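S.K.:
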Amino acid sequence: MPVPPPPPARGEAIGSRDLARWPTRFGRWLVHVIGLLAVAISARLPTRWRPAADHAIAWSAANVAFIVFASLCLSVILALTAGAHEVYEGVVGHDGVAALDRPALDLALQWRSPGLDQAVTLFTEVGGPIGMPILATTLALTLAALHRAWMPIVITLVAAAGALAMTLVGKGMVGRARPPLEYAVPPYEASPSFPSGHTLNATVLTTIVVYLVLLLTTAAWQRVTAVVVGTLFVLAMGASRVFLGHHWLTDVLAAWAIGLAWALAVITAHRLLVTLRRAAPPTTSS
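The numbering of the sequence shown is the working numbering, which starts it at 14 and goes up by one.
1. Rounded to the nearest angstrom, what separates residue 290 and residue 92 at their Cα positions?
2. Excluding the 5 residues flanking residue 74 on each side, which residues of the same chain have their C-beta closer than 7 Å to its C-beta?
3. Comparing C-alpha positions only, which one of 185, 158, 212 and 287 sits nearest to residue 94?
4. Let me know if residue 201 comes out buried or exposed under the rule of 16 or more other beta-carbons within 10 Å of its beta-carbon.
5. Inspect the beta-carbon positions of residue 287 and residue 33 and report whether they are closer than 8 Å.
6. Compare the Cα-Cα distances from residue 122 to each of 204, 245, 193 and 28 and report the closest residue.
7. With burial defined as no fewer than 16 other Cβ atoms inside 10 Å of the residue's Cβ, what is the status of residue 253: buried or exposed?
8. Taking only three categories from DSSP, how would you classify residue 75?
9. Expressed to the nearest angstrom, what Euclidean distance is found between the alpha-carbon atoms of residue 23 and residue 156?
10. So, helix, strand or coil for residue 30, using DSSP?
11. So, with DSSP's three-state summary, where would you put residue 236?
12. For residue 82, count neighbouring C-beta atoms within 10 Å of its own C-beta (all shown protein chains included) and say buried if the count is 16 or more, exposed if not.
13. Could you pull the start and end residues of the alpha helix (DSSP H) that residue 35 belongs to?
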């Protein structure tokens, strides 16, 4: 008689949705392929890196699967980000700035006022290279302490590292100029415009924090609040960059897309970890 699979532990389900359940054929194929690859890699790890128990290779494979899948996805997204300059050149070549970016900037200029400019500037600093990591790390540490788990910290650090890499690659490869300074609200920024680092970081880290909240809370109203607040925060962060004249609209649109893709990749990597760890054979006692 087959043994039923163990129920999901805390942090392994969102409501009634078990993270280890893959209803689509592609999802099951992904688990199979990444699982085989992770087991092969973990079996070649030095013995001192693995516990001596019989289930050590399977346990290690779950962690290796997280690293392997996240690394593969990061490589693909970095390549797409680096190749975005080709797309940018094509858009600009067909009057893309005049068709989309400039009208958005003109609309922002109509809404400006000294008080609103100052308020939006203060808000956008939350998504900056200092503010957003501090905010996300604080929330991750809080969740880790409340639920006595390291995973919130690990996932947040991996997501943040990938977001930083994508920002640096995109700005370095594309080198797009920001809107003219006469249309920008100080303090001015000198780095390339594509993609919007504030928007990308906010999208990645906010999505990950919302995911962690969904995993570690049981009340439906808490999950709904997290999704709504997180979505509004990400949208507002992107809009603030255009409003202040620090980025073109297409910089923000690209950052939303790239950031969401990377956040979903990290979430999928975590689901693979949970699935393979659950499938590990139990420890045998002598």
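Note that the Cβ used here is the ideal one computed from N, Cα and C, for glycine as well. Keep in mind that this is a model prediction, so the values were computed, not measured.
M.R.: So, from the data block:
1. Locating residue 290 in the sequence shown gives position 277, where the first residue counts as 1. Locating residue 92 in the sequence shown gives position 79, where the first residue counts as 1. Near 30 Å, if we compare the C-alpha coordinates of residue 92 and residue 290.
2. For this step, residue 74 is matched to residue 61 along the sequence shown. These residues qualify, in order along the chain: 48, 51, 52, 55 and 289.
3. Against the sequence shown, residue 94 aligns to sequence position 81. Taking only the C-alpha atoms, the option nearest residue 94 is 185.
4. For the purposes of this step, residue 201 is taken as residue 188 along the sequence shown, with counting starting at 1. That one is exposed.
5. Translated into the one-based positions of the sequence shown, residue 287 becomes position 274. Translated into the one-based positions of the sequence shown, residue 33 becomes position 20. Contact: yes.
6. For the purposes of this step, residue 122 is identified with residue 109 of the sequence shown, where counting begins at 1. Residue 193 is the option with its Cα nearest to residue 122.
7. Within the sequence shown, residue 253 is the residue found at index 240, counting from 1. With 16 or more other Cβ atoms within 10 Å, it is buried.
8. Along the sequence shown, read from residue 1 onward, the residue named residue 75 stands at position 62. If DSSP states are grouped into helix, strand and coil, residue 75 belongs with the helices.
9. As a position in the sequence shown, residue 23 is number 10, starting the count at 1. As a position in the sequence shown, residue 156 is number 143, starting the count at 1. The straight-line gap from Cα to Cα measures roughly 13 Å.
10. Stepping through the sequence shown from its first residue, residue 30 is reached at position 17. Looking at residue 30 - three-state DSSP - the assignment turns out to be strand.
11. As a first step, residue 236 is located in the sequence shown; it is residue number 223 there, counting from the start. It is helical.
12. If you number the sequence shown from 1, residue 82 lands on position 69. By the 10 Å Cβ count, residue 82 comes out buried.
13. Position 22 of the sequence shown, counted from the start, is the residue given in the question as residue 35. It is not in any alpha helix (DSSP H) - residue 35 carries neither H nor E in the DSSP assignment.
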